[in-house]
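Some notes on the structure that comes next.
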Amino acid sequence: MTLLIGVLLAAGLFFHAVAALGVLRMPDFYTRLHAVGKLETLGLLLTLAAVALWAGPGLTAVKVGFVAAFIFLANPTSTHAIGRAALRIGLRPWRREAP
Amino acid sequence: MTVLFAAVTIAHLVLVLVYVHRLAVGPTVFDRLLGLNAFGTSTTVVLLLIGVVYEREDMFVDIALAYALLSFIGSLAAARYFEREGVPR
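This is the structure we're talking about:
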């Protein structure tokens with residue numbers, strides 16, 4: 074069980090680190106949104122699974138499951154809302170300059 | 026084991042600094058909005074990990090749930106506002 078919790082924590086931290094790297098390095102807004110929208114959700118779900126395993130069976134684990142289910146629905150929704158707002162305002166997606 | 030959770034918490038806090046940087050220097054308003062959304066999501070998980078470190082996860086899980094709800098509402102409202110009203114130049 075301890076090994077499983079450690080693996081889940083490490084995987085969650087890895088995906089969160091990749092999301093932060095994407096936010097830091099990607100060239101424009103849409104690519105940054107792409108990096109953070111999916112990777113952060115996955116990293117957060119893995120970390121929450123580790124916390125639920127650590128808490129053991131009981132009300133706390135059920136509440137952590139509620140948090141995970143809510144984030145799983147809410148984070149892609151807000152990502153989509155921000156991206157749609159940018160597209161409707163008229164922010165142009167990044168393109169490689171013509172050679 | 027609690028030491029491992031504390032180390033992971035500190036690592037997540039260091040990663041949150043990237044979103045604070047994006048929130049401060051983001052070229053467009055939407056970059057700042059993205060940083061705010063990611064900041065809120067990361068804060069939820071940091072709250073849960075802090076609850077494990079202090080061995081009070083029964084209390085901190087409620088705080089994390091309320092914070093996730095408020096962060097989601099705020100991010101969605103800001104996105105709808107800028108979609109309707111336009112971006113200040």
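The listed protein sequences correspond, in order, to chains A and B.
Whatever position you read off the first sequence (first residue = 1), add 73 for our numbering.
Whatever position you read off the second sequence (first residue = 1), add 25 for our numbering.
Note that beta-carbon positions come from the ideal geometry of N, C-alpha and C, so glycine has one too.
All of these numbers come straight from a predicted model, not from anything done at the bench.
| message | Out of 82(A), 107(A), 147(A), 126(A), which one is the CA nearest neighbour of residue 166(A)? | response | Minimum Cα distance to residue 166(A) is reached at 107(A).
| message | Would the stretch 28-47 of chain B count as touching the stretch 150-167 of chain A if we require 3 or more Cβ pairs under 8 Å? | response | When C-beta atoms of the stretch 28-47 of chain B are compared with those of the stretch 150-167 of chain A, fewer than three pairs fall below 8 Å, so the two segments do not count as touching.
| field | Straight-line Cα distance separating residue 48(B) from residue 40(B) | value | Rounded to whole angstroms, residue 40(B) to residue 48(B) spans 13 Å at the Cα level.
| message | Tell me the DSSP secondary structure of residue 108(B) in three-state form. | response | It is helical.
| task | Tell me where the alpha helix (DSSP H) around residue 44(B) begins and ends. | result | Per DSSP, the unbroken alpha helix (DSSP H) holding residue 44(B) starts and ends at 27-50.
| field | Under 7 Å between C-beta atoms of residue 107(B) and residue 158(A) | value | Residue 158(A) is positioned such that its CB atom lies closer than 7 Å to that of residue 107(B).
| task | Give the secondary structure of residue 149(A) by DSSP, where H, G and I count as helix, E and B as strand, and everything else as coil. | result | DSSP places residue 149(A) in helix when its eight states are reduced to three.
| query | Does any CB atom of chain A fall closer than 7 Å to the CB of residue 47(B)? | reply | With 7 Å as the cut-off, residue 47(B) counts as an interface residue toward chain A.
| Any idea if residue 144(A) is buried or exposed, counting beta-carbon neighbours within 10 angstroms, 16 or more meaning buried? | With 16 or more other Cβ atoms within 10 Å, it is buried.
| said: On the DSSP letters alone, give me the boundaries of the alpha helix (DSSP H) that residue 56(B) sits inside. | reply: Segment 54-78, the alpha helix (DSSP H) holding residue 56(B).
| Residues that residue 127(A) contacts on chain B, provided the C-beta gap is smaller than 9 Å | Ordered by position in chain B, the residues that pass the 9 Å Cβ test against residue 127(A) are 26, 30, 77, 82.
| Under 7 Å between C-beta atoms of residue 128(A) and residue 134(A) | Closer than 7 Å, so yes.
| said: With H, G and I counted as helix, E and B as strand and the rest as coil, what does DSSP make of residue 113(A)? | reply: Here residue 113(A) sits in helix by DSSP.
| field | Collapsed DSSP secondary structure at residue 83(B) in the structure displayed | value | In the three-state DSSP reduction, residue 83(B) falls in the helix class (H, G or I).
| By Cβ distance, which residues of its chain are closer than 7 Å to residue 75(B), with the 5 residues on each side in sequence left out? | Cβ neighbours of residue 75(B) within its own chain (closer than 7 Å, five residues either side excluded): 34, 85.
| field | Three or more C-beta pairs below 8 Å linking the stretch 86-93 of chain B and the stretch 50-64 of chain B | value | With the cut-off at 8 Å, the stretch 86-93 of chain B and the stretch 50-64 of chain B do not touch.
| said: Distance check for residue 87(A) and residue 169(A), CA to CA, integer angstroms please. | reply: The straight-line gap from Cα to Cα measures roughly 29 Å.
| task | Let me know if residue 43(B) comes out buried or exposed under the rule of 16 or more other beta-carbons within 10 Å of its beta-carbon. | result | Of the residues assessed, residue 43(B) falls on the buried side of the cut-off, its CB having 16 or more other CB atoms within 10 angstroms.
| What is the DSSP secondary structure of residue 129(A), reduced to helix, strand or coil? | Here residue 129(A) sits in coil by DSSP.
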